[in-house]
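Everything below concerns the one structure shown next.
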Amino acid sequence: RVAIARALVMSPKLLLADEPTGNLDSVTSDEILALLDRLHDERGLTLVVVTHSEKVANHMDRIVKMTDGVIES
6 RVAIARALVM SPKLLLADEP TGNLDSVTSD EILALLDRLH DERGLTLVVV THSEKVANHM
66 DRIVKMTDGV IES
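Quick note: the sequence shown uses my numbering, first residue 6, plus one each step.
Dropping the structure here:
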């Protein structure tokens, strides 16, 4: 959460998040996903999220998948 807060200090239009829920318990992970939703909805923030978590990926509006170095849409 601190890393997200630091990233938002300058009011960016784009947030890059590398494994934002990695190493978190399920409750905190859900809180982070809800926070990202609010940032997107209320601030119009564009999110680019990199994750290995199917749960996190399925939470996003669009999924771009990379398999064996090849990008799939």
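Ideal placement from N, C-alpha and C gives every residue a C-beta, glycine not left out.
Remember, predicted model here, so these are calculated numbers, not experimental data.
Quiz item: Where does Asp66 fall in DSSP's three states?
Solution: coil
Practice problem: Please classify Glu24: does DSSP put it in a helix, a strand, or coil? | Solution: Residue state, collapsed to three classes: coil.
Quiz item: Given that a residue counts as buried once 16 or more other Cβ atoms are within 10 Å of its Cβ, and exposed if not, what is Pro17?
Solution: exposed
Practice problem: Tell me where the beta strand (DSSP E) around Leu29 begins and ends. | Solution: Looking at the DSSP string, Leu29 is not in any beta strand (DSSP E), and its letter there is neither H nor E.
Exercise. My understanding is that Thr51 touches Leu19, with C-beta atoms under 8 Å, so please give their C-beta distance in whole angstroms.
Key: 5 Å
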